[in-house]
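Peer 1:
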Amino acid sequence: MTDGQLVSVLPSERQLRLQNMEFYAFVHFTVNTFTDREWGDGTESPEIFNPARLDANQWVSAIKDAGMTGLILTCKHHDGFCLWPSRYTDHSVAASPWKNGEGDVVREVADACKKEGISFGVYLSPWDRHDLRYGSGKPYDNYFVDQLTELLTSYGDVFCVWFDGACGEGPNGKKQNYDWDRYYKTVRELQPNASISVCGPDVRWCGNEAGHTRESEWSVVPRRMADTEKVASKSQQADDDAFRLRPISAQDQDLGSREALKGETDLIWYPAEVNTSIRPGWFWHASEDDQVKPLEKLIDIYEKSVGGNATFLLNIPPTTDGLFHQNDVARLKELGDYIRNSYGINLLESCIVAEAEAPSAGHEIRQILKNDGKTYYMPKGDVNPVILTFKWEKPVQIDRLVLREQLRLSQRVERFRIDVLQGDSWVIKARGTVIGHKKIIVMDQTVTKGLRIVIEDSRCAPAIQFIGAYGPQDFSADE
Ligand code: FUL
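Here the sequence shown stands for residues 62 to 540, numbered as in the working numbering.
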């Protein structure tokens, strides 16, 4: 494919919106919380569900403190228990002692989100181990679509519908061939702004649940990455032969380089989401109260996911009380404080020189120092390398850089380097590959009076939307 063809693959508005949300919460809550299990088998009695102190405002306030922008609730997990009083089953909160069967967790969470300006999303597990219709074909599809319709029409705006591919039925288990097209049509009709994630066309599973990220995360990938049946089985072995191409897997390290795209004829914009839990399990277990991920680990995942051209979906499981545990709440606050403190003031706004070697076909260089999402610098003509130079009157201390591309012009940058001024010479400080929505570059603390971004390779001309430089200014040096 030519460079022109590669950069003609563009995100939809809903994909751009989701990518801009960057960091949002997963909340896993169901009967498993009360049985101390990760997967329920569908035989749990609704009698056990009684989160006496449930307070969705506490959840929302904690995720806000972390700097998150949305919350996706497991409205129904694999065990089939519904957190809302669904008209289509009696296996729900309506049959539980919680609020005498008058409660609705989905409503409480959706309302708490709305009040605080947090977007609300729903997880509805296709795999249902309770409902007898599962495995029957159309009758189950009807049930699933009815439930989806309830969720998408009764609780206000939904930013994301998260379809999980997990199914542990095994070879002798029930087999339900989901009518994905019908599910997608329902979502598009009822909530056109909602992203359909993972087993869906808008957002791609990153390939693991441990928070591992790729060095070079491309959003332009072969269309066959979105083959739902293969994503659903979480292994893409299926029949790649049919494509007469190398097999492709959600776990592959390289999904979008020129090399990886050789021979591909059909590409899509399909950005990655990194999903992991703040604890070892997705659901709450008292035994894991002291296993909340360390702050450094969460910072690392944040900087490599949000700062690695992916979104970050971090799970926090409420306890049997219906509250986030104090250890999780404290860690979320620490993470949010770190993000706010580290990426608050863009040191480049105070530079005295901000110049590009080539004139811009987009906006002036100073305009990309404000993170408004709209502007971009793009060199006029065929320029390589593309060099952007910044100088300060007095030395500054830098330990983090943020680069962003203008995604409305696709993902273009393939290789870049960062130089800093030491005395009168430019010294290479860091190297990187892709940028995409956001690249965070963590460097040793450097005191300098100059910074250079050198784009060494890109697909057509790069369109740089934002550059930020950050670091604590508590140093004493003349440089
Ligand atoms: C997996 C599920 O089996 C886990 O329980 C959890 O919901 C995770 C996010 O996805 O496929």
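We treat Cβ as the ideally placed atom computed from N, Cα and C, and that holds for glycine. It should be emphasised that the depicted structure is a prediction, and the values quoted were computed from it without experimental measurement.
(1) Is residue 311 near the ligand FUL, judged by its Cβ being under 6 Å from some heavy atom?
(2) Less than 7 Å between the beta carbons of residue 314 and residue 275, yes or no?
(3) Could you check if residue 354 is buried or exposed, using at least 16 other CB atoms within 10 Å of its CB as the buried criterion?
(4) May I ask you to check if the CB of residue 223 is nearer than 6 Å to at least one heavy atom of the ligand FUL?
(5) What residue does the alpha helix (DSSP H) around residue 519 start on, and which one ends it?
(6) Say yes only if the C-beta of residue 343 is nearer than 6 Å to one or more non-hydrogen atoms of the ligand FUL, and no if none qualify.
(7) Take residue 563 and list the residues in its own chain whose beta-carbon comes closer than 8 Å to its own, dropping the five residues that flank it on each side.
(8) Please determine whether the Cβ atom of residue 227 lies at a distance below 6 Å from any heavy atom of the ligand FUL.
(9) Given 8 Å as the limit, is there contact between the segment 72–79 and the segment 343–350, that is, 3 or more CB pairs closer than that?
(10) Can you give the Cα-Cα distance for residue 303 and residue 201, rounded to whole angstroms?
(11) In angstroms, rounded to a whole number, what distance separates the CA positions of residue 93 and residue 383?
(12) Look up residue 440 in the DSSP assignment and give the residues it is bridged to.
(13) At what residue ranges does the segment 95–149 contain a whole run of the alpha helix (DSSP H), taking only runs of 4 or more?
(14) Please list, in chain order, all residues of the same chain as residue 100 whose beta carbon is under 6 Å from its beta carbon, the five residues on each side excluded.
(15) Would you mind sorting residue 211 into buried or exposed? The rule is 16 or more other CB atoms within 10 Å of its CB.
(16) Taking its Cβ as the centre, do 16 or more other Cβ atoms sit within 10 Å of residue 113, making it buried, or is it exposed?
(17) Restricting to Cα atoms, I'd like to know which of 244, 399, 467 is closest to residue 428.
(18) By a C-beta neighbour count over all protein chains shown, 10 Å radius and 16 as the cutoff for buried, is residue 422 buried or exposed?
(19) For residue 107, which residues in the same chain have their Cβ closer than 6 Å to its Cβ, ignoring the five residues on either side in sequence?
(20) What number of angstroms, rounded off, separates the C-alpha of residue 122 from the C-alpha of residue 412?
(21) Give a yes or no on contact between the segment 123–130 and the segment 253–270, applying the rule of three or more CB pairs nearer than 8 Å.
(22) Thinking C-beta only, is residue 327 closer than 7 Å to residue 284?
(23) With C-beta atoms as the reference, is residue 224 less than 7 Å away from residue 131?
(24) Express the C-alpha separation of residue 184 and residue 281 in angstroms, rounding to a whole number.
(25) Taking all protein chains shown into account, decide if residue 537 is buried (16 or more other Cβ within 10 angstroms of its Cβ) or exposed.
(26) When you compare the CB positions of residue 390 and residue 446, do they come within less than 7 Å of one another, or not?
(27) How should residue 64 be labelled, buried or exposed, when 16 other C-beta atoms within 10 angstroms of its C-beta is the threshold for buried?
(28) Enumerate in chain order the residues of its own chain whose CB-to-CB distance from residue 103 is below 6 Å, with the five nearest sequence positions on each side excluded.
(29) Per DSSP, which residues does residue 88 bridge with? Please list them.
(30) Need the endpoints of the beta strand (DSSP E) that residue 482 sits in, please.
(31) Measure the alpha-carbon distance for residue 199 versus residue 524 and round it to whole angstroms.
(32) Residues in its own chain within less than 7 Å of residue 150 by CB, not counting five upstream and five downstream?
(33) List the whole-angstrom C-beta distance separating residue 228 from residue 333, where the pair is believed to meet the contact cut-off of C-beta under 8 Å.
(34) Where do the ends of the beta strand (DSSP E) carrying residue 526 lie?
Peer 2: Checking against the coordinates, here is how it stands:
(1) Within the sequence shown, numbered from 1, the residue matching residue 311 stands at position 250. No.
(2) Counting from one through the sequence shown, the residue named residue 314 turns up at place 253. Counting from one through the sequence shown, the residue named residue 275 turns up at place 214. Yes.
(3) Walking along the sequence shown from the start, residue 354 turns up at place 293. Answer is buried; the Cβ neighbour count reaches 16.
(4) As a working mapping, residue 223 is identified with position 162 in the sequence shown. Answer for residue 223: no, Cβ out of range of the ligand FUL.
(5) Counted from its first residue, the sequence shown places residue 519 at position 458. Counting along the chain, residue 519 falls outside any alpha helix (DSSP H), though it belongs to the beta strand (DSSP E) covering 500–519.
(6) Working through the sequence shown from its first residue, we reach residue 343 at position 282. Indeed, a heavy atom of the ligand FUL lies less than 6 Å from the Cβ.
(7) What is shown of the chain runs 62 to 540, which leaves residue 563 out entirely.
(8) Stepping through the sequence shown from its first residue, residue 227 is reached at position 166. Residue 227 Cβ: within cutoff of the ligand FUL.
(9) Contact fails: fewer than three Cβ-Cβ distances are below 8 Å.
(10) Taking the sequence shown and counting its residues from 1, one reaches residue 303 at position 242. Taking the sequence shown and counting its residues from 1, one reaches residue 201 at position 140. At residue 303, the pLDDT of 47 sits below 50, so the modelled position is not reliable; the number obtained from the coordinates is stated separately. Looking at the two C-alpha atoms, the distance is approximately 30 Å.
(11) Translated into the one-based positions of the sequence shown, residue 93 becomes position 32. Translated into the one-based positions of the sequence shown, residue 383 becomes position 322. Each residue's Cα considered, the two are about 13 Å apart.
(12) Translated into the one-based positions of the sequence shown, residue 440 becomes position 379. Per DSSP, 421.
(13) 117–126
(14) For the purposes of this step, residue 100 is taken as residue 39 along the sequence shown, with counting starting at 1. Once the five neighbours on either side are set aside, the close Cβ partners of residue 100 are 139.
(15) In the sequence shown, the residue the question calls residue 211 occupies position 150. Residue 211 is buried by the Cβ-count criterion.
(16) Your numbering for residue 113 matches position 52 in the sequence shown. Classified as exposed, residue 113 has fewer than 16 neighbouring CB atoms from the shown chains inside 10 Å of its CB.
(17) Taking the first residue of the sequence shown as position 1, residue 428 is located at position 367. Among 244, 399, 467, the Cα nearest to that of residue 428 belongs to 467.
(18) In the sequence shown, counting from the first residue as 1, residue 422 sits at position 361. The residue in question, residue 422, is exposed, as its Cβ has fewer than 16 Cβ neighbours within 10 Å.
(19) Your numbering for residue 107 matches position 46 in the sequence shown. Here the set comprises 156, 157.
(20) Locating residue 122 in the sequence shown gives position 61, where the first residue counts as 1. Locating residue 412 in the sequence shown gives position 351, where the first residue counts as 1. If you take the alpha carbons of residue 122 and residue 412, they lie about 37 Å apart.
(21) No, because fewer than three Cβ pairs between the segment 123–130 and the segment 253–270 fall closer than 8 Å, the two stretches do not touch.
(22) As a first step, residue 284 is located in the sequence shown; it is residue number 223 there, counting from the start. As a first step, residue 327 is located in the sequence shown; it is residue number 266 there, counting from the start. A contact, by the Cβ cut-off of 7 Å.
(23) Walking along the sequence shown from the start, residue 224 turns up at place 163. Walking along the sequence shown from the start, residue 131 turns up at place 70. Not a contact, by the Cβ cut-off of 7 Å.
(24) Within the sequence shown, the letter at position 220 stands for residue 281. Within the sequence shown, the letter at position 123 stands for residue 184. Rounded to whole angstroms, residue 281 to residue 184 spans 25 Å at the Cα level.
(25) The residue you call residue 537 lines up with position 476 of the sequence shown. Looking at its Cβ environment, which holds fewer than 16 other Cβ atoms inside 10 Å, residue 537 is exposed.
(26) As a position in the sequence shown, residue 390 is number 329, starting the count at 1. As a position in the sequence shown, residue 446 is number 385, starting the count at 1. No, the pair does not count as a contact, with Cβ atoms beyond the cut-off.
(27) Position 3 of the sequence shown, counting from 1, holds the residue named residue 64. Result: exposed.
(28) Taking the first residue of the sequence shown as 1, we reach residue 103 at position 42. Answer for residue 103: 140, 141, 190, 191, listed in chain order.
(29) Translated into the one-based positions of the sequence shown, residue 88 becomes position 27. Answer is 134.
(30) One-based indexing of the sequence shown puts residue 482 at position 421. Per DSSP, residue 482 belongs to the beta strand (DSSP E) from 474–483.
(31) Residue numbering aside, residue 199 sits at position 138 when the sequence shown is read from its first letter. Residue numbering aside, residue 524 sits at position 463 when the sequence shown is read from its first letter. Approximately 48 Å between the Cα atoms of the pair.
(32) The residue given as residue 150 occupies position 89 in the sequence shown. Once the five neighbours on either side are set aside, the close Cβ partners of residue 150 are 143, 192.
(33) The count along the sequence shown starts at 1 and reaches residue 228 at position 167. The count along the sequence shown starts at 1 and reaches residue 333 at position 272. With a Cβ gap of about 22 Å, residue 228 and residue 333 do not count as contacting.
(34) For the purposes of this step, residue 526 is taken as the residue at position 465 of the sequence shown. Counting along the chain, the beta strand (DSSP E) containing residue 526 begins and ends at 525–531.
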